[in-house]
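Undergrad: Before we start, here is the structure in question, set down as structure tokens.
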Amino acid sequence: TISLCFCKAERKIILWFEQNNDKNTPSWFLLNGNCNNECPKGMFNHNGVCTNCGIEFCDACTLNGSSTSCTDCDSTHFLFEGKCVSECPTGFYACPVTNICKPCSNGCIVCSAKDQCDQCGPEYFNNNGTCVKGCPEGTFGSCDNKHCINCSDECETCFSNNKDSCYRCAKGFVREGLS
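Numbers given in this note's numbering equal positions in the sequence shown, counted from 1, plus 51.
Right under this line is the structure:
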């Protein structure tokens, strides 16, 4: 296809051929009557014309059908579903490297990082920042705070954190009152 860019300032017409996957092909975009080799932050190429993204705090965007979708936000905002937000919504955390809201791990509803859950869903217990449906051996699920808590030293498995709550005693311990 042939694209046309009219540069008023230079009083000439620039024609070029756009070839698929040819990185050496010059690209020119019209902005305020002048030709630029790229569109500035907050704008995108729409049929050879630099067009405003129209999304607050958006540095780069693309056209998806008839609406624009942000692909990169300024350094003070996070990308979430094509928009720029100051805080990620519940169930997502802000990745500091990419400035993108990413989903919390399975079972987690509030997280501060990929592997750091702060609040698990109702069917889960928090085991050192990871949500689990059942607490691992040597711990029990506290109904009070929904965390996995270590059994007492006397217990290998337990239902509470005292020496009388063992399902199975730890090696070297025996249950009192049993002969």
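Backbone N, C-alpha and C fix where the C-beta goes; we use that ideal spot for every residue, glycine too.
Thinking C-alpha only, which one of Pro187, Glu227, Asn196, Asp195 is nearest Thr208?
TA: To locate residue 208, count along the sequence shown from 1; it is residue 157. Measuring from the Cα of Thr208, the nearest candidate turns out to be Pro187.
Undergrad: What are the start and end residues of the beta strand (DSSP E) that includes Asp204?
TA: For this step, residue 204 is matched to residue 153 along the sequence shown. Counting along the chain, no beta strand (DSSP E) covers Asp204, and no H or E run does either.
Undergrad: Looking only at C-alpha atoms, which of Ser120, Val161, Asn179 sits nearest to Cys171?
TA: Taking the sequence shown and counting its residues from 1, the one referred to as residue 171 is at position 120. Selected option, being the one with the closest Cα: Val161.
Undergrad: What does the alpha-carbon distance come out to for the pair Cys182 and His198?
TA: Position 131 of the sequence shown, counted from the start, is the residue given in the question as residue 182. Position 147 of the sequence shown, counted from the start, is the residue given in the question as residue 198. Approximately 9 angstroms, taken between the alpha carbons.
Undergrad: In whole angstroms, what is the alpha-carbon distance linking Asn88 and Glu132?
TA: Sequence index remark: in the sequence shown, residue 88 carries index 37 (1-based). Sequence index remark: in the sequence shown, residue 132 carries index 81 (1-based). One C-alpha to the other measures close to 29 angstroms.
Undergrad: Decide if Thr141 is buried, meaning its Cβ has at least 16 other Cβ atoms within 10 Å, or exposed.
TA: On the sequence shown, position 90 is the one that residue 141 refers to. So Thr141 counts as exposed.
Undergrad: I'd like the list of long-range same chain contacts for Asn157, defined as Cβ closer than 8 angstroms, with 5 residues on each side in sequence excluded.
TA: Position 106 of the sequence shown, counted from the first residue, corresponds to residue 157. Taken in chain order, the residues that qualify are Cys182.
Undergrad: Excluding five sequence neighbours on each side, which residues of the same chain lie with their C-beta closer than 7 angstroms to the C-beta of Met94?
TA: Translated into positions along the sequence shown, residue 94 becomes position 43. Excluding positions up to five away in sequence, the list reads Cys101, Thr102, Asn103, Cys104.
Undergrad: Going by DSSP, what residue range makes up the beta strand (DSSP E) through Val252?
TA: Summary: the structure shown does not reach residue 252, with the chain confined to residues 52 through 230, and so no result is reported for it.
Undergrad: For Thr122, collect the residues of the same chain with a Cβ closer than 7 angstroms to its Cβ; drop the 5 residues on either side in sequence, then sort them by chain order.
TA: Within the sequence shown, residue 122 is the residue found at index 71, counting from 1. Taken in chain order, the residues that qualify are Ala111, Cys112, Thr113.
Undergrad: Hey, would you say Asp125 sits closer than 9 angstroms to Cys135, going by beta carbons?
TA: To locate residue 125, count along the sequence shown from 1; it is residue 74. To locate residue 135, count along the sequence shown from 1; it is residue 84. Against a cut-off of 9 angstroms, the Cβ pair of Cys135 and Asp125 comes out as a contact.
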